[in-house]
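Numbering (my numbering), first residue to last: 107 to 521. Where is the CB? At the ideal position from N, CA and C, for every residue including glycine. All values reported here derive from a predicted model rather than from experimental measurement.
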């Protein structure tokens, strides 16, 4: 595709604006790549690790080493890494099922969770949500992030004490246009405050979109557990499916019983995929995350120059690879989604339309011409069809693909 001169000039100016952020991202990428390489060497990854397994999956050394790698890289005691997790929501909900029992309470200190997870927690008065935490007699409460951080001591104390067993932190903003993603430093402050009210509850961070964005991960900030999706950052654009959980062994042991069945735990689970994709994807993950971050920073600078309300701004601290852009109306939202889809390597000829999607209450626009279906570690955009109209752009296998996508977005806006 040919980039129009005036658009190329806009992008050039955005890159100059973001030059310092690009240097910082490169330094973080190098640090994380070194950390991952050292971990691969320490675990002694070899060709045999890539072999698939069948049947029950007993004695799958490649699977076990992959889980050891995740624990080592993310600074946990143990890990579960499986292709059987169908999404980040499934992975997180599996953790809840392992950790919570009837009469217990789950509390989110970052407000209402992402749409699909909230329905799995609350049931949302829908017959489609049988088996939700509410259905199992597990109560739920949430605290507004800003209120929890800066005020509301009495309410926070009451909410976080018995029978609260799990305190949940969502690192990414989800579809909430009014909150920012969380840096590890901010997560550390949340953890300290939670501990002051309840020293026994498990502190669980949804780390989706946040892996390798910084030099530290939430477990290093005092969290007990993290979880995420392998078709986002840690899959490196290669993992075809799955999710991961890393954290304290006592919690991983409990969760493993819900992932398979009580008494079976982590010992079973055939890995019928070629595991090379998971190993190589993890090795590539710091690079993919760096490429996506550079792309989002440049995109933010360019769209801010065009007068759009972007969050985070190009020079702000980032806790994930997602860029939100506030829009005036549905038409602007459609234009951007069409531009992203049209600049994709797969299904670029298709026209995305808002539609009903499992787990969501509002119609969702999804522009994702990705090699792995729904992989938001690849350059993509999505948005709920509701006010305030906000599109969430993320990912990028390469910085230059994001730049080509940005050129398409700018062209759509200017036409």
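Residue interval of the alpha helix (DSSP H) (run including residue i)
i, result
"residue 344", "Neither: residue 344 is in no alpha helix (DSSP H) and is coded neither H nor E."
"residue 197", "194 to 205"
"residue 508", "505 to 520"
"residue 406", "382 to 411"
"residue 441", "436 to 448"
"residue 297", "290 to 303"
"residue 223", "221 to 228"
"residue 259", "259 to 266"
Residues that residue i bridges to, as DSSP identifies them
i, result
"residue 490", "470"
"residue 500", "428 and 486"
"residue 275", "311"
"residue 212", "246 and 272"
"residue 522", "In the structure as shown, the chain starts at 107 and stops at 521, and residue 522 therefore has no counterpart that could be examined."
"residue 253", "The partner list for residue 253 (beta bridge, DSSP) is empty, contrary to what the question assumes."
"residue 334", "350"
Contact belief for residue i with residue j at Cβ below 8 Å, rounded distance in angstroms
i, j, result
"residue 377", "residue 200", "Not confirmed; about 17 Å, so no contact."
"residue 518", "residue 427", "Not really, about 22 Å apart at Cβ, beyond 8 Å."
"residue 421", "residue 147", "Not quite, the Cβ-Cβ distance comes to about 36 Å (not below 8 Å), so this is no contact."
"residue 410", "residue 416", "5 Å"
"residue 344", "residue 383", "5 Å"
"residue 436", "residue 137", "42 Å between Cβ atoms; not a contact."
"residue 408", "residue 143", "Not quite, the Cβ-Cβ distance comes to about 33 Å (not below 8 Å), so this is no contact."
"residue 478", "residue 346", "6 Å"
Residue from the options whose Cα sits closest to the Cα of residue i
i, options, result
"residue 244", "257, 252, 261 and 226", "226"
"residue 359", "323, 484, 289 and 182", "182"
"residue 213", "308, 471 and 173", "308"
"residue 349", "336, 343, 123 and 468", "336"
"residue 216", "356, 312, 192 and 164", "312"
"residue 280", "162, 430, 124 and 321", "430"
"residue 171", "278, 470 and 388", "388"
"residue 353", "175, 134 and 115", "175"
"residue 179", "357, 392 and 132", "392"
"residue 194", "363, 406 and 224", "224"
"residue 362", "149, 141, 129 and 188", "188"
"residue 449", "239, 509 and 299", "509"
"residue 114", "484, 405, 469 and 414", "405"
"residue 253", "186, 206 and 262", "262"
"residue 356", "161, 346, 166 and 306", "306"
"residue 304", "273, 129, 503 and 169", "273"
"residue 256", "290, 300 and 270", "300"
"residue 163", "134, 370, 462 and 289", "370"
"residue 402", "291, 484, 347 and 275", "484"
"residue 295", "119, 205 and 324", "324"
Segment limits, beta strand (DSSP E) that includes residue i
i, result
"residue 423", "That residue, residue 423, is in no beta strand (DSSP E); it is neither H nor E in DSSP."
"residue 417", "415 to 417"
"residue 108", "Segment: none, residue 108 is in no beta strand (DSSP E) and carries neither H nor E."
"residue 363", "Run containing residue 363: none in the beta strand (DSSP E); it sits in the alpha helix (DSSP H), 355 to 365."
"residue 138", "Per DSSP, residue 138 belongs to no beta strand (DSSP E); it is in the alpha helix (DSSP H), 125 to 149."
"residue 177", "It is not in any beta strand (DSSP E) - residue 177 instead sits in the alpha helix (DSSP H) that spans 167 to 179."
"residue 188", "184 to 188"
Residue burial classification, residue i (beta-carbon count within 10 angstroms, cutoff 16)
i, result
"residue 459", "exposed"
"residue 219", "buried"
"residue 302", "exposed"
"residue 447", "buried"
"residue 154", "exposed"
"residue 192", "exposed"
"residue 293", "buried"
"residue 90", "Here the chain comprises residues numbered 107 to 521, so residue 90 is not present and cannot be evaluated."
"residue 507", "buried"
"residue 501", "buried"
"residue 111", "exposed"
"residue 394", "buried"
"residue 476", "buried"
"residue 494", "exposed"
"residue 107", "exposed"
"residue 381", "buried"
"residue 203", "buried"
"residue 237", "exposed"
"residue 338", "buried"
"residue 132", "exposed"
"residue 496", "buried"
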